[in-house]
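Since the structure comes first, as structure tokens, the remarks are kept for the end.
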Amino acid sequence: TPLAVAGRVLAYCEGDRYSYHSGDTVCAGPNGKVCKMTREEIREWPDRIIGIVSEIPDYEKWGDGNVPVNGRIWIKVR
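Laid out in structure tokens, this is it:
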């Protein structure tokens, strides 16, 4: 399922969201979540990269529409 064509999106992540850091590379994970990739995975399967983590929000709502964050992280779609 496509997430976005370009830009930043809020995405649910596998595991503890605080184990993710800005700059981490992510791929598709179980149940529609994103999953952090290791350096070896990035070298072997660069075509599986969805994007790069850009921010771990500490706020509960985002934007003028008050979009709930619900424990998601920001990723910059590749």
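Just so we're aligned: the sequence shown equals residues -8 to 69 in the working numbering.
By construction, the Cβ of each residue, glycine as well, lies at the ideal position given by its N, Cα and C atoms.
Computed from a predicted model, the values in this text were never measured in an experiment.
Member of PRO48, ASN22, GLY6 and CYS18 whose CA lies at the smallest distance from the CA of ARG34:
Relative to the Cα of ARG34, the nearest Cα in the group PRO48, ASN22, GLY6 and CYS18 belongs to CYS18.
Please give the ranges of any beta strand (DSSP E) in the region 10 to 43, keeping only runs that are unbroken, at least 3 residues long and fully inside the region.
Annotation: the region 10 to 43 contains the following complete segments of the beta strand (DSSP E) (minimum length 3 residues), in chain order: 16 to 19 and 25 to 27.
Distance CB(THR16)-CB(ILE40) smaller than 8 Å:
Their beta carbons are under 8 Å apart, which means THR16 touches ILE40 by this criterion.
To the nearest angstrom, how far is it from the Cα of VAL0 to the Cα of TYR50?
Looking at the two C-alpha atoms, the distance is approximately 15 Å.
Let me confirm a value: TYR11 is counted as buried when at least 16 other C-beta atoms fall within 10 Å, else exposed. Which label applies?
Sixteen is the threshold: when 16 or more other Cβ atoms of the shown chains lie within 10 Å of the Cβ of TYR11, as they do, the residue is buried.
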